[in-house]
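Colleague: Numbering (the working numbering), first residue to last: 11 to 335.
Okay, here's the structure, questions in a sec.
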Ligand code: PBG
């Protein structure tokens, strides 16, 4: 057979495949979500996230040291607030001695160079498990933005390098940026959860923080999985309002959105490989239906190939070990 082009020439050995690989994962790509609990020596496995834990600050610090030693540059903090601290204002969210604020300080003290990002939304502090303030069954936008400003300022004051608003209220990125400028936080970054979809794949995360909505769903603020153009609008508006990084979430069911957002904006794009995506891989691996290590690398490579510069993922530690070996 005479062929002018033989595409398999570029695939014939590990060496040539490595030379022409278009997408290369590194531990620099990962943002590690951490679930933090009150107490000492607390380490609780999340039942729907096998191998992932909620830990008290002491254990979290040991974990962060290990992550840093593996080459990981960033952690994203979530706290489990006590039930008695929850209300409909979210005021525990800006308590200077709250669990989040203490965690930020402790981590920055232990590993000053690691980039500490914090989740900004009211759900862990809301008696209703919603990301905002509830009035007459409605999640009200503007009062919620006021609360998110206080929350963001308190994280910055505690030493957070970045805030990551995950609430999907309108106008919050601009408002937080303005507040940071007003208070002199000119080095604090904003990673906006810009295109965050109303996804069923958040289930295990809500188990981890006991933060499932008490009534209704999140469809009046999180996006409809049917929509694409709206994601571009959200991302572009967040960039205009001052976001330094924009995020698409979840990742795997939204790879097309990651690519379109990447093509539309001139800031780094992150994607959140969320709890339900982690659970899918873990469950299939446990059943012996897939090879977990290969599934992790293939999954993360697909997200980066789609256009994500950064990936928040519960597989970060495993992946870093696989990549470093
Ligand atoms: C809360 C928040 C959620 C996640 C990150 N921040 C859940 C939600 O919106 O209900 C999900 C993360 C995951 O599922 O891994 N605002």
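Just so you know, even glycine gets a beta-carbon here, dropped at the ideal spot from N, CA and C.
Cα separation between residue 159 and residue 203?
Modeller: When rounded, the distance between both Cα atoms is 15 Å.
Colleague: Taking 8 Å as the cut-off, does the region 191-202 touch the region 105-113 (at least 3 CB pairs, one atom from each stretch)?
Modeller: Because the criterion of three Cβ pairs below 8 Å is not met, the region 105-113 and the region 191-202 do not touch.
Colleague: Taking contact to mean 3 or more Cβ pairs, one atom from each stretch, closer than 8 Å, check whether the region 180-188 and the region 259-268 are in contact.
Modeller: At 8 Å Cβ cutoff, the stretches do not touch.
Colleague: With respect to the beta strand (DSSP E) encompassing residue 129, which residues constitute its N-terminal and C-terminal limits?
Modeller: Note, residue 129: beta strand (DSSP E), 125-130.
Colleague: Specify the secondary structure class of residue 46 as computed by DSSP and reduced to three states.
Modeller: It is a strand residue.
Colleague: Any idea if residue 135 is buried or exposed, counting beta-carbon neighbours within 10 angstroms, 16 or more meaning buried?
Modeller: By the 10 Å Cβ count, residue 135 comes out buried.
Colleague: Closer than 7 Å to a non-hydrogen atom of the ligand PBG - does that hold for the CB of residue 231?
Modeller: Incorrect: residue 231 has no Cβ contact closer than 7 Å to the ligand PBG.
Colleague: Could you tell me the boundaries of the alpha helix (DSSP H) in which residue 192 lies?
Modeller: Looking at the DSSP string, the run of the alpha helix (DSSP H) that includes residue 192 is 182-193.
Colleague: Assuming residue 179 and residue 255 form a contact by the criterion Cβ under 8 Å, report the distance between their Cβ atoms to the nearest whole angstrom.
Modeller: At roughly 18 Å, the Cβ-Cβ gap does not stay under 8 Å, so residue 179 and residue 255 are not in contact.
Colleague: Tell me the residue span of the beta strand (DSSP E) that contains residue 134.
Modeller: First-last for residue 134: undefined, no H or E at that position.
Colleague: Name the two residues that bound the continuous alpha helix (DSSP H) containing residue 271.
Modeller: It spans 265-274 - the alpha helix (DSSP H) in which residue 271 sits, taken as one unbroken run.
Colleague: Excluding the 5 residues preceding and the 5 following residue 245 in the sequence, name in chain order all residues of the same chain whose CB lies nearer than 7 Å to its CB.
Modeller: So the qualifying residues of the chain are 204, 205, 256, 271, 274, 275.
Colleague: Please classify residue 127 as buried or exposed, where buried requires at least 16 other C-beta atoms within 10 Å of its C-beta.
Modeller: So residue 127 counts as buried.
Colleague: Pick out the complete beta strand (DSSP E) segments inside the region 71-134, 3 residues or longer, and give them in chain order.
Modeller: 84-89, 125-130, all fully within the region 71-134.
Colleague: Note down the Cα distance separating residue 284 from residue 313, rounded to an integer number of angstroms.
Modeller: Between residue 284 and residue 313, the C-alpha separation is close to 12 Å.
Colleague: Enumerate in chain order the residues of its own chain whose CB-to-CB distance from residue 294 is below 7 Å, with the five nearest sequence positions on each side excluded.
Modeller: For residue 294, where only same-chain residues beyond five positions count, the Cβ hits under 7 Å are 300.
Colleague: What residue from 129, 259, 68, 323 has the CA that sits closest to residue 51's CA?
Modeller: Comparing Cα-Cα distances from residue 51 to each of 129, 259, 68, 323, the minimum goes to 68.
Colleague: Is DSSP giving residue 57 helix, strand or coil here?
Modeller: Residue 57: coil per DSSP, three-state reduction.
Colleague: By a C-beta neighbour count over all protein chains shown, 10 Å radius and 16 as the cutoff for buried, is residue 335 buried or exposed?
Modeller: Exposed, by the Cβ-count rule.
Colleague: Are the region 34-54 and the region 66-83 touching, with three or more C-beta to C-beta distances below 8 Å?
Modeller: Cβ pair count under 8 Å is three or more, so yes.
Colleague: I want to check one thing, is the minimum distance from the CB of residue 62 to the heavy atoms of the ligand PBG below 7 Å?
Modeller: No, the beta carbon of residue 62 sits no closer than 7 Å to any heavy atom of the ligand PBG.
Colleague: So, at 6 Å on beta carbons, what are the nonlocal neighbours of residue 216 in its own chain, with the 5 sequence-adjacent residues on each side left out?
Modeller: Around residue 216: 222.
Colleague: For residue 148, which three-state DSSP category applies?
Modeller: Residue state, collapsed to three classes: strand.
Colleague: Using a Cβ distance threshold of 8 Å, determine whether the region 86-96 contacts the region 131-151, with at least three qualifying pairs required.
Modeller: Segments in contact, yes.
Colleague: Use the C-beta contact count for residue 25: other C-beta atoms within 10 angstroms, 16 or more gives buried, fewer gives exposed.
Modeller: Answer is exposed; the Cβ neighbour count stays below 16.
Colleague: Note down, one range per segment and in chain order, each beta strand (DSSP E) of at least 3 residues found wholly within the region 239-263.
Modeller: Listed in chain order, they are 255-259.
Colleague: Comparing the CB of residue 215 with every heavy atom of the ligand PBG, is any distance shorter than 7 Å?
Modeller: Correct: residue 215 has its Cβ closer than 7 Å to the ligand PBG.
Colleague: If you run the structure through DSSP and keep just helix, strand and coil, what is residue 35?
Modeller: The answer is coil: DSSP assigns residue 35 none of H, G, I, E or B.
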